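Q: Please read through the structure below; I'll follow up with questions.
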Ligand SMILES: [Zn+2]
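Residue numbers (the working numbering): 33 to 117.
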């Protein structure tokens with residue numbers, strides 16, 4: 033069972049790797065830090081905000097599994113055409 037404990041937007045103080053796409057999160061870049069409980073272990077996950085958004089859109093149940101570090105990073109503002117201003 034997967035349960036999100038909390039999700040916080042953070043400014044990267046050091047380089048990280050995005051859990052979804054495996055691309056670097058550069059120092060100073062805004063990213064989302066997610067504390068997630070998977071079965072009995074707690075994971076400290078780092079995500080690009082657009083990657084997290086994209087993964088949530090794929091499966092809103094939050095119970096899906098995926099291969100870490102090997103997914104395509106979505107283009108930022110890819111949803112702009114869905115919700116034009
Ligand atoms: Zn990413």
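For glycine and all other residues, C-beta sits at the position ideal for the given N, C-alpha and C.
Everything numeric in this text was worked out from a predicted model, so none of it was measured.
1. Verify the contact flag: residue 55, CB atom, against every heavy atom of ligand 1, threshold strictly below 7 Å.
2. Between which residues of its own chain and residue 44 is the CB-CB distance below 7 Å, once the five residues before and five after are set aside?
3. Please list, in chain order, all residues of the same chain as residue 70 whose beta carbon is under 7 Å from its beta carbon, the five residues on each side excluded.
4. Taking 7 Å as the limit between beta carbons, can you name the residues of its chain near residue 79, skipping five residues before and five after?
5. Using the DSSP secondary-structure output, state which residues sit across from residue 66 in a beta bridge.
A: This is what the structure gives:
1. Position 23 of the chain shown, counting from 1, holds the residue named residue 55. Residue 55: yes, Cβ under 7 Å from ligand 1.
2. In the chain shown, the residue the question calls residue 44 occupies position 12. If we look at residue 44 and ignore the five residues flanking it on each side, its Cβ neighbours are 57, 58, 59, 60, 61, 63.
3. Mapped onto the chain shown, residue 70 falls at position 38. Closer than 7 Å at Cβ, skipping near neighbours: 34.
4. Within the chain shown, the letter at position 47 stands for residue 79. Excluding residues up to 5 positions away in sequence, 50, 51, 52, 63, 64, 66 lie with their Cβ nearer than 7 Å to the Cβ of residue 79 in the same chain.
5. One-based indexing of the chain shown puts residue 66 at position 34. Residue pairing by DSSP places residue 66 opposite 39, 77 in a beta bridge.
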